[in-house]
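Protein chains in written order, with this note's numbering: chain A, 1 to 103; chain B, 104 to 608.
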Amino acid sequence: MKPRIGTTLASTTDATTAVVVRWGDADVEVTCGGAPMVDAKGPEAGTTHPADPDQQAGTRMGKRYADPDLGIELLCTKAGAGTLAVGGTPLPLKDAKPLPASD
Amino acid sequence: MNLSVLLDMAAEGFGDRIVVGTRAEGLTAGRVRELAAGGASLVAGAGADAVLYLAVNGPAFPVALFTAARAGVPLVPVNYRLGAAQLDHLLAQHPKALVVADAAQAAAAQRAGLGFRTPEEFLRDAAAAAESAPAEEGFVDPDSAAVIIYTSGTTSAPKGVVLRHANLVSYVLGTVEFAGADEAEAAVMSVPPYHIAAVSNALTNLYAGRRVLVLESFTPAGWIELVRREEVTNAMVVPTMLARIMDEPGLERAVPSLRSLAYGGAAMPRRIVEQALREWPHVGFVNAYGLTETSSTITVLGPAEHRAALDSTDEAVRARLSSAGQAVPGIEIEVRDEDGAPVPAGMPGRIWVRGEQVSTEYAGRGSSLDGTGWFDTRDQGRLDAEGYLFIEGRIDDTIIRGAENIAPAEIEDVLLAHPDVADAVVVGVPDEEWGQRIEAVVVARPGTDLDAAALDGLRETVRATLRSSKTPDRIHAWPEIPRTPTGKLLRRDVVAGLAPAEQVR
């Protein structure tokens, strides 16, 4: 898939949702809990798949998951039990130093 | 991404949380989204190409911001304090705008031939449209204009800074953690809606899940009262506001709920920030530097750095209290000489910035960047060896006395360090012999008197701290120094007050 920036992706194994912050040029599947995520407002929304017990590291709301080599960055908007991954490899949590509120 | 995605995230992540207004009567994130959809349908129905906001800050402001974003047109917040000629000129740029204006601005809207809704009417009509015909979600290009802010024009004619969705979203994602605020947090905003900080504040607090309150007209006692009554945890002020809070005689200043105080928009006198740090030991201070053109903050001096500087015996660390801090993620900063070559650490020069949050365009005037994406802030400053930025004022404010370039900020800092001086400005006044001579205006702190002998003493202090060529030829004591409501010095008005009229060009 090659979603537009700002698209919400929904897990098909649990309630996880994530917004696409960056995508780059890659045409790849992002999985959550081992099954492909789908456009939350697209025709595949609502489909379900069994979860892969080995892809259950979980996500946290508000955290970003990114692979700088693929140019992919997702922002978790609803936390869930599934792991966000590309080609079976988990997307690492982007280590962002929180800034103090400046305005 | 566009701004509506940020609102969608808030509405879906914590839709029942009150994010705008008082605990009793405020709007939830979900309600802001409904009103924005209703407002966007008003925009579409009117065929408007902008939402013009000519009113004081209030709940209608964030609703207008997200209404414009949903409708795919820019929000144009306009300074309601402008004179009629300037206001007419700006309104004439937006003849097809949907206008939200205070009743007091009716005359300006009428002169421009524009109908308007008051903030209350706008919220009422948006609510009705949200019920009957909310706008469909359409595609809004992240590269389209989200906000157009006119610069204050203290040094040149106002320019319309075009901030695209991508600029503002980059700023929010780069500096704020989504849903990072706990439910008890509340922020108070004291700057007017036509200031970039009001726009960025509306976005970042919503994204963090922090409730925002506004103080329409600032007084030290009113600010303290609001902070206590609403148990405010976060506040943003301009330096003159903090100075007035600290200098107000007899004011009870305890603010037990306050956790974070951000300041910016103009230079902060060190005496004031040191006093505030001591009076409020439980508060984290944040100095933020940025411009309208940079979607607000580009450097931050954080709470730990403030405390370390206050307590340090090392002058280099102490000096950081006068620094604007280090660059935020995604922002590059260079200090360059007049030929455009970067200068070494510690050397002053012109501040250039680059990053996704930097605006690329002035309305009707084309690109604001050079060929490689760098923006000239026209601010003078220096970076220390650890990347701390020190702002030395606007390039345009530089005084040229004889052949020497003199930055007023350096002399102002010395004057402001004096315990009897509440405010100070240094300007170049036309002079037959030197081209410009240096003159200063100071304001005495309440309860003190700056007589001729005291003013001579001040000149001696400057001479001993700096050198004779940087010593003001004259220092005047005025009851007040002209500033904009957002704390920026009006140097032209100071010069006009000092120089005979025929010498001022």
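Beta carbons are placed, not taken as given, at the ideal position from N, Cα and C, and that holds for glycine.
Which chain B residues are close to residue i, counting only those with a beta carbon under 7 Å from its beta carbon?
i: M1/A; result: Ordered by position in chain B, no residue passes the 7 Å Cβ test against M1/A, which lies about 17 Å from the chain.
i: G62/A; result: E280, F281, A282 and G283
i: A91/A; result: Checking the displayed sequence, the identity of residue 91/A turns out to be Leu instead of Ala. The premise fails here: L91/A is roughly 16 Å from chain B at the closest Cβ pair, so nothing lies under 7 Å.
i: L99/A; result: T278, V403 and V431
Starting from residue i, find everything on chain A with Cβ-Cβ shorter than 9 Å and list it in chain order.
i: E115/B; result: T8, T17, T77 and K78
i: G458/B; result: Under the 9 Å cutoff, chain A gives no residues; its nearest Cβ is about 14 Å from G458/B.
i: T568/B; result: Correct list: empty, because the minimum Cβ distance to chain A is about 31 Å.
i: S399/B; result: S102 and D103
i: T307/B; result: A101, S102 and D103
Could you have a look at residue i and say whether DSSP puts it in helix, strand or coil?
i: K78/A; result: strand
i: N182/B; result: coil
i: G560/B; result: helix
i: A365/B; result: strand
i: N592/B; result: Correcting the residue identity first, residue 592/B is Leu in this sequence and not Asn. L592/B falls in the strand class under three-state DSSP.
i: I584/B; result: coil
i: G116/B; result: helix
i: M104/B; result: coil
i: Q189/B; result: helix
i: M344/B; result: helix
i: V461/B; result: coil
i: A236/B; result: coil
i: T480/B; result: strand
i: M349/B; result: helix
i: N304/B; result: helix
i: E605/B; result: Unreliable positioning characterises E605/B in this predicted model, as indicated by a pLDDT of 46, which lies under 50. A coordinate reading is not provided.
i: L226/B; result: helix
i: G387/B; result: strand
i: P165/B; result: helix
i: S572/B; result: helix
i: Q213/B; result: helix
i: N270/B; result: helix
Is the closest heavy atom of the ligand GDP to the C-beta of residue i under 7 Å?
i: L553/B; result: The ligand GDP is absent from the structure shown, which contains no ligand whatsoever.
Leaving out the 5 sequence neighbours to the left and right, which residues in its chain are closer than 6 Å to residue i when beta-carbon positions are compared?
i: V607/B; result: Its pLDDT being 42, under 50, V607/B is placed unreliably in this model, and the value from its coordinates should be taken loosely. Answer for V607/B: A599, listed in chain order.
i: G505/B; result: W537
i: A81/A; result: D14, Q56 and G58
i: Y183/B; result: L157 and Q208
i: V159/B; result: E319
i: L309/B; result: A113 and V122
Am I right that residue i and residue j are in contact with their C-beta atoms under 8 Å? What's the rounded C-beta distance?
i: T83/A; j: A66/A; result: Their Cβ separation, rounded to whole angstroms, is 14 Å, which puts T83/A and A66/A out of contact at 8 Å.
i: L329/B; j: L316/B; result: 7 Å
i: V389/B; j: V403/B; result: 6 Å
i: A35/A; j: T13/A; result: 5 Å
i: P165/B; j: V123/B; result: 6 Å
i: L130/B; j: P162/B; result: 6 Å
i: V431/B; j: L74/A; result: Not a contact, Cβ separation roughly 22 Å.
i: S565/B; j: L518/B; result: Per the sequence presented here, residue 565/B reads as Val, with Ser not at that position. Indeed, because the Cβ distance is near 7 Å, the residues count as touching under 8 Å.
i: V272/B; j: L413/B; result: Between L413/B and V272/B the Cβ distance is about 35 Å, and since that is not below 8 Å, they are no contact.
Spatial neighbours of residue i within its chain, please: CB distance less than 7 Å, with the 5 preceding and 5 following residues excluded, ordered by chain position.
i: V446/B; result: V438, R439, D440 and G452
i: R586/B; result: T343, L592 and L593
i: P3/A; result: L9, V20, W23 and D39
i: T89/A; result: none
i: Y491/B; result: R423, S426, G428 and Q429
So with CB distances below 7 Å, who are the chain A contacts of residue i?
i: S303/B; result: D103
i: M112/B; result: V19 and T77
i: M339/B; result: D103
i: T343/B; result: The premise fails here: T343/B is roughly 17 Å from chain A at the closest Cβ pair, so nothing lies under 7 Å.
i: S363/B; result: P100 and A101
i: V108/B; result: G6 and V19
i: A615/B; result: Summary: the structure shown does not reach residue 615/B, with chain B confined to residues 104 through 608, and so no result is reported for it.
For residue i, return the contacting residues in chain A, with the cut-off set at a CB-CB distance below 8 Å.
i: V335/B; result: Result: empty, since nearest Cβ-Cβ is about 12 Å, beyond 8 Å.
i: V532/B; result: Simply none; closest approach about 36 Å.
i: A391/B; result: S102 and D103
For residue i, go through chain B and note every residue whose CB falls closer than 8 Å to its CB, in chain order.
i: I5/A; result: M104 and P245
i: V21/A; result: M104 and L276
Looking only at its chain, what residues have a beta carbon closer than 8 Å to the beta carbon of residue i, apart from the 5 residues adjacent to it on each side?
i: R562/B; result: T574, P575 and I578
i: E513/B; result: E495, L569 and K573
i: E489/B; result: Q429
Starting from the beta carbon of residue i, find every residue of chain B whose beta carbon is closer than 9 Å, and list them in chain order.
i: V28/A; result: What V28/A touches in chain B: nothing, since even the nearest Cβ is about 20 Å away.
Q.
Does the contact criterion of 3 or more C-beta pairs under 8 Å hold for the region 295 to 303 of chain B versus the region 370 to 381 of chain B?
A. no
Q.
Closer than 8 Å is the cut-off here; do at least three beta carbon pairs connect the region 496 to 510 of chain B with the region 546 to 556 of chain B?
A. no
Q.
If contact is defined by three or more beta carbon pairs under 8 Å, each pair taking one atom from either stretch, is the region 135 to 148 of chain B in contact with the region 171 to 190 of chain B?
A. yes
Q.
Count Cβ pairs between the region 575 to 585 of chain B and the region 525 to 540 of chain B that sit closer than 8 Å; are there 3 or more?
A. yes
Q) Below 8 Å, can you find three or more Cβ-Cβ pairs linking the region 469 to 489 of chain B to the region 273 to 281 of chain B? A) no
Q | Touch test, the region 132 to 141 of chain B against the region 106 to 116 of chain B, Cβ-Cβ under 8 Å, three pairs minimum | A | yes
**Q.** contact_flag[the region 263 to 270 of chain B, the region 393 to 401 of chain B] where n(CB pairs < 8 Å) is 3 or more
**A.** yes
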